[in-house]
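If you count by numbering that gives the first Met the number 0, then the sequence shown holds residues 0 to 383, one letter each, in order.
Every residue, glycine too, gets a C-beta built ideally from N, C-alpha and C.
On a predicted model such as this, the values are computed, not experimentally measured, just so you know.
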Amino acid sequence: MNKKIGYLGPCGTFCESAVQQYSKEKNYQSLAFQTIEAVFSSVDSGEIDLGVLPMENSCEGAVNQTFDLLAYGYPPVSGREDNCSYDIKIIGEIILPVKHSILVRPGIKLEDINCIISHPQALAQCREYLTESFPQVELVEASSTAEAVRQVAQATKPWAAIAMSGVAVKYGLNVLEHEINDYLNNETRFIVISKKEQECNIECKTSLLINVANQPGALYQVLKEFSLRGINLTKIESRPAKTKMGEYLFFIDIDGHYLEPKISDALNEIKTITQPAKVLGSYPAASQNTGRKSEFTPSLQNLRQEVDVLDEQIIEMLGRRTRIVKRIGDFKASIGEVHDPKREEWILEKLSSVAEQKGFSPTVTKDIYKTLFEHFVALQRGQA
């Protein structure tokens, strides 16, 4: 039985082109849906096996509804019985070049056009062209570029549609101008969703959803866990958490598979900072130029590179601590007290406890910080 793959329709959209590109040499039955949510719910219910949806455009940014549906039900709200979410995984992505054209009925010329119809994203991607070429023409939004073409084909007035040139023949239209988008490298990223994870062993990308507390440094504390391990972030996007003002969710894409040791370690550390990250999926990256392969068993070179990154981060943090200590020294200079043995003892006890939790020697921690305290006290006395 053929697998069913759904997409945001109708026929003739760029989303259908993405399905065709993904389905090459695969015997899928494609089905068009009227809304993004209908695709999600149909995958979740098992009505279709896969779904293809727009995620973001290189010029106009995120498709917010897709992001919001991926986040639906996350994070769970304590005390609520109606918490739910789509049990959906991202298993692939398609990067599709987007080239827009002006389509009209036969006999219509550019100077005749008094209304241009298209999807809001398409209109936005051709903003400069429309301003220069059609400053007085009415712009009308449609649910899709294909719907715009259908309306123009049925109209009796001199209307035009912005859509891909390939649909012109199907609707009996002419193409007056090709590639009218403002940026030649206009691309849209589509994701493939499924109920089941897909195996990925090379050139993987992982998409994560993270809920970060609304407090100073919270996002930094999360991102540093990736930086410390040399994990490359390829995307970060925020969306309102829909709980209260100022609360946000963060969508993060990283190079690699979530089962790789250093990524797994980073995700475990993030659990100690905020709610566990939701893994939306690890899948083959559409852009095959990441310069790395996913490796579930790190080599000696990989581990040494990770240690090198950590060493640089430690020195960077010590430099930052030194700058803060100097600022504290300016305050202490006015009261004449530099050395604070009670605070030093409190810090030593606190950090030795943290070190034990993190798997590091409390004794070595105390020795290191005693040396640091001597250095910083001498530094501050030099300021007095």
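- Membership of residue 104 in any beta strand (DSSP E) is not indicated, and neither H nor E is assigned to it by DSSP.
- One thing to note: residue 262 has its Cβ no nearer than 8 Å to the Cβ of residue 197.
- DSSP places residue 28 in the uninterrupted beta strand (DSSP E) bounded by 27-32.
- Membership of residue 43 in the alpha helix (DSSP H) is indicated by the continuous run 35-44.
- Annotation for residue 173: the continuous beta strand (DSSP E) segment containing it runs 173-176.
- Segment contact: the stretch 90-108 against the stretch 148-159, three or more CB-CB distances shorter than 8 Å; contact assigned.
- Residue 114: member of the beta strand (DSSP E) spanning 114-117, first to last residue.
- Residue 93 places its beta carbon less than 8 Å from that of residue 17.
- In the structure shown, the three-state DSSP call for residue 360 is coil.
- Under the Cβ criterion (8 Å, minimum of three pairs), the stretch 50-67 counts as touching the stretch 178-197.
- Looking only at 192, 7, 130, the smallest Cα-Cα distance to residue 144 is reached by 7.
- Where residue 264 is concerned, there is no enclosing beta strand (DSSP E), although the alpha helix (DSSP H) around it starts and stops at 260-270.
- Around the beta carbon of residue 219, fewer than 16 other beta carbons lie within 10 angstroms, which makes this residue exposed.
- In this structure residue 116 is in contact with residue 139, their Cβ atoms being roughly 5 Å apart against a cut-off of 8 Å.
- Around residue 44, the same chain offers no residue with a beta carbon nearer than 8 Å, after the five sequence neighbours per side are excluded.
- Taking one beta carbon from each stretch, the stretch 250-270 and the stretch 219-234 have 3 or more pairs nearer than 8 Å; the two touch.
- In this structure, residue 211 keeps its C-beta atom at 8 Å or more from the C-beta atom of residue 11.
- Within the model, the alpha-carbon separation for residue 209 versus residue 172 is close to 47 Å.
- In the displayed model, residue 251 falls within a strand according to three-state DSSP.
- In the three-state reduction of the DSSP assignment, residue 123 falls in the helix class.
- Taking the C-beta atoms as reference points, residue 372 is found no nearer than 8 Å to residue 344.
- For residue 203, the uninterrupted beta strand (DSSP E) run begins and ends at 203-211, by DSSP.
- Around the beta carbon of residue 213, fewer than 16 other beta carbons lie within 10 angstroms, which makes this residue exposed.
- A straight line joining the alpha-carbon of residue 151 with that of residue 102 spans about 8 Å.
- If you draw a straight line from the Cα of residue 368 to the Cα of residue 347, it is about 7 Å long.
- Rounded to whole angstroms, residue 131 and residue 236 show a C-alpha spacing of 32 Å.
- Residue 320 has its alpha-carbon roughly 13 Å from the corresponding atom of residue 379.
- Looking at the backbone, the Cα of residue 300 and that of residue 363 are separated by about 27 Å.
- Annotation for residue 149: no beta strand (DSSP E) segment contains it, though the alpha helix (DSSP H) segment containing it runs 144-153.
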